[in-house]
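Q: Sharing a structure below in structure tokens format, with a few things to ask.
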């Protein structure tokens, strides 16, 4: 079963720090800032990353915790990188998001390790827009609706 492991926000930059729950609107999670204007669009309102990839990166020598790479929602039991643009994630708390693009690593990750940007290519998570506003809560279950292409 896929579920929300951590909900993370910051006023800008990384790390994002955990909260037990957080309201979200079309522009993103309440209290979450984005330092770079290219990140502040409706199609990039929420970022996702799966804990399984984080654990794998930690076995490769990194010391990552939820929110470290700047993701808003850390999920468990959901292979985020296997999803596609247009797939919708329905959270048991009522929020619905639509995946818009695979996240690409950028210079923001540099303080976490000189090779992290290279090592995380293809497994950096996903960006999404908010389809239905509401509140994310740790432990929310997630159901995926595949996009029709």
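In this note's numbering, the protein residues as written are 6 to 154.
Even glycine gets a Cβ: it sits at the ideal position worked out from N, Cα and C.
Since this is a predicted model, take the numbers as computed values, not measurements.
In its own chain, which residues sit with a C-beta less than 7 angstroms from the C-beta of residue 136, not counting the 5 before and 5 after it?
A: As a working note, residue 136 is residue 131 in the chain shown. Excluding positions up to five away in sequence, the list reads 93, 101, 102, 103.
Q: Give the straight-line distance between the Cα atoms of residue 120 and residue 62, rounded to the nearest whole angstrom.
A: For the purposes of this step, residue 120 is taken as residue 115 along the chain shown, with counting starting at 1. For the purposes of this step, residue 62 is taken as residue 57 along the chain shown, with counting starting at 1. Spanning the two alpha carbons is a distance of roughly 11 angstroms.
Q: Measure from the alpha carbon of residue 186 to the alpha carbon of each residue in 29, 23, 59, then state which is nearest.
A: The displayed coordinates of the chain run from 6 to 154. Any statement about residue 186 would go beyond what the structure contains.
Q: Using beta-carbon positions only, say whether residue 20 and residue 73 come within less than 8 angstroms of one another.
A: For the purposes of this step, residue 20 is taken as residue 15 along the chain shown, with counting starting at 1. For the purposes of this step, residue 73 is taken as residue 68 along the chain shown, with counting starting at 1. At a Cβ-Cβ threshold of 8 angstroms, residue 20 and residue 73 count as neighbours.
Q: Would you kindly work out how many angstroms separate the C-alpha atoms of residue 128 and residue 98, rounded to a whole number?
A: In the chain shown, residue 128 corresponds to position 123, counting from 1. In the chain shown, residue 98 corresponds to position 93, counting from 1. If you take the alpha carbons of residue 128 and residue 98, they lie about 26 angstroms apart.
Q: Rounded to a whole number of angstroms, what is the C-alpha to C-alpha distance between residue 83 and residue 17?
A: Looking up residue 83 in the chain shown gives position 78. Looking up residue 17 in the chain shown gives position 12. Cα-Cα distance, rounded: 26 angstroms.
Q: For residue 13, which of helix, strand or coil comes out of DSSP?
A: Counting from 1 along the chain shown, the entry for residue 13 is found at position 8. Note: residue 13 maps to strand in three-state DSSP.
Q: So which of 23, 125, 25 has the shortest CA-CA distance to residue 107?
A: Position 102 of the chain shown holds residue 107. Among 23, 125, 25, the Cα nearest to that of residue 107 is on 125.
Q: Hey, would you say residue 142 sits closer than 8 angstroms to residue 14, going by beta carbons?
A: Counting from one through the chain shown, the residue named residue 142 turns up at place 137. Counting from one through the chain shown, the residue named residue 14 turns up at place 9. Cβ distance not < 8 angstroms, so residue 142 and residue 14 don't count as in contact.
Q: Could you check which residue in 90, 47, 34, 95 has the C-alpha nearest to that of residue 77?
A: As a position in the chain shown, residue 77 is number 72, starting the count at 1. Answer by Cα proximity: 34.
Q: Could you pull out every residue in the same chain whose Cβ sits closer than 6 angstroms to the Cβ of residue 67, ignoring the five residues on either side in sequence?
A: Position 62 of the chain shown, counting from 1, holds the residue named residue 67. Here the set comprises 118.
Q: Identify every run of the alpha helix (DSSP H) within the region 89–126, keeping only runs that are complete inside it and at least 4 residues long; order them along the chain.
A: 121–124
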